[in-house]
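A.B. asks: In full-length UniProt numbering, the protein residues as written are 1 to 179.
Starting off with a structure, shown below.
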Amino acid sequence: MYEDIAETLLTKEQIQKKVQELGRIVSEEYKGLNPLCICVLKGAVPFMADLIREMTIPIEVDFMAVSSYGNSTTSSGVVRIMKDLETSIEGRHVLIVEDIIDSGLTLSYLVELLKGRKAASVKIITMLDKPERRKVDLRPDYSGFTIPDAFVVGYGLDYAEKYRNLPYIGILKKEVYTR
Ligand code: 5GP
Ligand code: MG
Ligand code: MG
Numbered sequence: 001m002y003e004d005i006a007e008t009l010l011t012k013e014q015i016q017k018k019v020q021e022l023g024r025i026v027s028e029e030y031k032g033l034n035p036l037c038i039c040v041l042k043g044a045v046p047f048m049a050d051l052i053r054e055m056t057i058p059i060e061v062d063f064m065a066v067s068s069y070g071n072s073t074t075s076s077g078v079v080r081i082m083k084d085l086e087t088s089i090e091g092r093h094v095l096i097v098e099d100i101i102d103s104g105l106t107l108s109y110l111v112e113l114l115k116g117r118k119a120a121s122v123k124i125i126t127m128l129d130k131p132e133r134r135k136v137d138l139r140p141d142y143s144g145f146t147i148p149d150a151f152v153v154g155y156g157l158d159y160a161e162k163y164r165n166l167p168y169i170g171i172l173k174k175e176v177y178t179r
């Protein structure tokens, strides 16, 4: 696994420090609002797990799975709901927890869908942001790191379902996905 990584982009320590910072910020902003943190499966699992433990206010969690990628490294633009929420979000303050925003297609679809269900508010927190590749006008409300246009893995992010358990974020060697 480790030998397939060309370069470490963000270390475990950098990630931890950033998640603590984000946890403080959202705890302040969502005080008294009992936010519903929605983890977008599967990539956002480590971020969600770390983030909610840095939140010092009452929250609730739920999970959604959408597909837009398959095993390729570029967006297909097709969004399908593979798993929906368990409860109604009407009147709730929703915080979508994402691993990375690339084209923005997945999240712009998701945000519209959740707003349509009459949430009181819908905001986005993402660990990583790749603004160079955006295809729609979508900005996260909270973001950990802005990164250059490279395909990254680790800390939840996969290539063909692998590398999600890397404790840091790295750039995959090109030969891994061209072989
Ligand atoms: P978007 O719809 O914004 O183009 O894509 C969002 C999803 O694509 C992310 O949640 C993630 O699953 C996947 N994705 C986008 N960029 C990367 C990347 O650099 N590495 C990995 N592993 N997945 C990515
Ligand atoms: Mg994701
Ligand atoms: Mg993926």
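All C-beta atoms in this analysis are idealised placements derived from N, C-alpha and C, irrespective of residue type, glycine included.
In this text the structure is predicted, and so the values were computed from the model without any measurement.
According to DSSP, what are the bridge partners of SER67?
C.D. replies: ARG80
A.B. asks: Rounded to a whole number of angstroms, what is the C-alpha to C-alpha distance between GLY23 and ASP4?
C.D. replies: 31 Å
A.B. asks: Taking 7 Å as the cut-off, does the CB of PHE145 come closer than this to any heavy atom belonging to ligand 1?
C.D. replies: no
A.B. asks: Among the residues of its own chain, which have a CB less than 6 Å from the CB of GLU90, if the five just before and after it don't count?
C.D. replies: LYS118
A.B. asks: Note down the Cα distance separating VAL136 from GLY116, rounded to an integer number of angstroms.
C.D. replies: 19 Å
A.B. asks: Using 8 Å as the limit for Cβ to Cβ distance, is TYR159 near chain C?
C.D. replies: Considering every chain present, this structure includes no chain C. It has just one protein chain.
A.B. asks: Could you give the distance in angstroms between the alpha-carbon of CYS39 and the alpha-carbon of ARG53?
C.D. replies: 14 Å
A.B. asks: According to DSSP, is VAL26 helix, strand or coil?
C.D. replies: helix
A.B. asks: Tell me which residue opens and which closes the beta strand (DSSP E) that SER143 is part of.
C.D. replies: For SER143, the enclosing beta strand (DSSP E) starts and ends at 142 to 146.
A.B. asks: Just the C-alpha distance for MET55 and ILE125, rounded to the nearest angstrom, thanks.
C.D. replies: 13 Å
A.B. asks: Drop a sphere of 10 angstroms on the beta-carbon of GLY32, count the other beta-carbons inside from all chains shown, and report buried for 16 or more, exposed for fewer.
C.D. replies: exposed
A.B. asks: Go to LEU36, then tell me how far its beta strand (DSSP E) extends in each direction, as first and last residue.
C.D. replies: First-last of the beta strand (DSSP E) with LEU36: 36 to 41.
A.B. asks: Near LYS130, which residues of its chain fall below 7 Å by C-beta distance, leaving aside the five closest residues on each side in sequence?
C.D. replies: ILE100, ILE101, ASP102, ILE147, ASP149
A.B. asks: Under the three-state reduction of DSSP, which class applies to GLY116: helix, strand or coil?
C.D. replies: helix
A.B. asks: Please report the straight-line C-alpha distance between GLY156 and MET48, rounded to a whole angstrom.
C.D. replies: 10 Å
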